[in-house]
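Numbering (this note's numbering), first residue to last: 6 to 86.
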């Protein structure tokens with residue numbers, strides 16, 4: 006049985022990697038091809054490549070990066086009056 010914490014991490018990684026894959030592959034393929042059928046085809050292919058890569062990277066580095074961003078946010082918050 007999967008513990009709740011593991012399931013939340015998997016779901017969070019899937020949602021974040023999906024969003025970032027769709028958004029960034031869409032932006033960069035649009036810059037390359039413009040708004041066209043070629044762009045849609047390239048976008049779809051890019052998503053299929055980017056999603057597993059982004060998900061894997063988030064599973065490997067996600068906790069450490071979230072910890073680092075929390076530390077940076079705390080440091081920034083303490084610097085503000």
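Just so you know, even glycine gets a beta-carbon here, dropped at the ideal spot from N, CA and C.
Given the structure is predicted, the values throughout are model-derived calculations rather than measurements.
- The continuous alpha helix (DSSP H) containing residue 22 extends over residues 9-38.
- In the DSSP annotation of this structure, residue 86 is not part of any alpha helix (DSSP H), being labelled neither H nor E.
- In this model, residue 34 and residue 83 are separated by some 40 Å (Cα to Cα).
- By the neighbour-count criterion, in which 16 or more other beta carbons inside 10 Å mark a residue as buried, residue 60 falls on the buried side.
- A Cβ-Cβ separation of about 6 Å places residue 27 in contact with residue 52 under the 8 Å criterion.
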